[in-house]
Amino acid sequence: MEKIDNLDKKILSILSKNARIPFKDVAAECNVSRAAIHQRVQHLIEAGVITGSGFDVNPKSLGYSTCTYVGITLEKGSMYKDVVEALQHIPEVVECHFTTGPYTMLVKLYARDNEQLMELLNGCLQGIHGVMSTETLISLEQSIKREIPVRFEEVEK
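Residues -1 to 155 (this note's numbering) make up the sequence shown, in order.
Given below as structure tokens:
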């Protein structure tokens, strides 16, 4: 990945706090032109530093009240890609990670209620070829959600 300079870091710091801030305001805070900000942001996107933008939809507003993490143990780690392919077809699965530790993979999913959760576990996840076992952890509350902080050095004016 390309090295990013202090201006890039300052832009990232500003945008990570408010992705909807107008470029003219970012430019004013960075003491550069709006065109410079636009070019820098475009370059950061192309370099894979900025990986997305959008809105976070509260799952509860759509009726999904149960947030769950499921540790999955596979028969063989080499089955990971096939299992991920099967998980792609379960819309309630919102994250999937290949992990170290007691599980081969860790999945985050949302369910409307415990009945749907049981159906997702028994009828979907545990039925995927290669899944040996699952362990379910229900999140009672999300206390922290944030981006990794972007640190930059302030330059004296």
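All C-beta atoms in this analysis are idealised placements derived from N, C-alpha and C, irrespective of residue type, glycine included.
A quick note: this is a predicted structure, and the numbers were derived from the prediction, not measured.
Quick check: what's the CA-CA separation for residue 155 versus residue 140? Translated into the one-based positions of the sequence shown, residue 155 becomes position 157. Translated into the one-based positions of the sequence shown, residue 140 becomes position 142. For residue 155, the pLDDT reaches just 47, beneath the cut-off of 50, and the residue's location in the model is therefore unreliable, although a value from the coordinates is still provided. Their backbone Cα atoms lie some 40 Å apart in a straight line.
Sorted by chain position, which residues of the same chain lie with C-beta nearer than 7 Å to residue 38's C-beta, five sequence neighbours on each side aside? For the purposes of this step, residue 38 is identified with residue 40 of the sequence shown, where counting begins at 1. So the qualifying residues of the chain are 5, 6 and 9.
Presumed contact (8 Å Cβ cut-off) between residue 71 and residue 130, rounded CB distance: Looking up residue 71 in the sequence shown gives position 73. Looking up residue 130 in the sequence shown gives position 132. The Cβ separation is near 5 Å, so the contact holds.
If you count every other CB in all the chains shown that lies within 10 Å of the CB of residue 105, and 16 or more means buried, which is it? Looking up residue 105 in the sequence shown gives position 107. Buried, since its Cβ has 16 or more Cβ neighbours within 10 Å.
CA-to-CA distance, residue 55 to residue 75, given in whole angstroms: Translated into the one-based positions of the sequence shown, residue 75 becomes position 77. Translated into the one-based positions of the sequence shown, residue 55 becomes position 57. If you take the alpha carbons of residue 75 and residue 55, they lie about 33 Å apart.
Range covered by the alpha helix (DSSP H) that runs through residue 101: As a position in the sequence shown, residue 101 is number 103, starting the count at 1. No alpha helix (DSSP H) contains residue 101, which DSSP labels as neither H nor E.
Just the Cα atoms here: how many angstroms apart are residue 14 and residue 49? Taking the sequence shown and counting its residues from 1, the one referred to as residue 14 is at position 16. Taking the sequence shown and counting its residues from 1, the one referred to as residue 49 is at position 51. Here the C-alpha atom of residue 14 lies approximately 12 Å from the C-alpha atom of residue 49.
Determine, using beta carbons only, whether residue 24 and residue 35 come nearer to each other than 8 Å. As a working mapping, residue 24 is identified with position 26 in the sequence shown. As a working mapping, residue 35 is identified with position 37 in the sequence shown. Yes, the Cβ-Cβ distance between residue 24 and residue 35 is below 8 Å.
Please give me, in chain order, every unbroken run of the alpha helix (DSSP H) with length at least 4 that falls completely inside the stretch 78 to 133. 78 to 85 and 112 to 117
Integer-rounded CB distance, given that residue 90 should sit under 8 Å from residue 108: If you number the sequence shown from 1, residue 108 lands on position 110. If you number the sequence shown from 1, residue 90 lands on position 92. Rounded, the Cβ-Cβ distance is 5 Å, consistent with contact.
Determine the extent of the beta strand (DSSP E) in which residue 39 is found, giving its start and end residues. In the sequence shown, the residue the question calls residue 39 occupies position 41. Element bounds for residue 39: not the beta strand (DSSP E) but the alpha helix (DSSP H), 32 to 44.
Taking Cβ positions, are residue 121 and residue 77 nearer each other than 8 Å? Here residue 121 is taken as the residue at index 123 of the sequence shown, counted from 1. Here residue 77 is taken as the residue at index 79 of the sequence shown, counted from 1. Going by C-beta atoms, residue 121 is not nearer than 8 Å to residue 77.
CB-CB under 7 Å to residue 11, same chain, minus the five flanking residues each way: which ones, in chain order? To locate residue 11, count along the sequence shown from 1; it is residue 13. Correct list, in chain order: 148 and 150.
In whole angstroms, give me the CA-to-CA distance for residue 31 and residue 42. The residue given as residue 31 occupies position 33 in the sequence shown. The residue given as residue 42 occupies position 44 in the sequence shown. Computed Cα separation, rounded: 17 Å.
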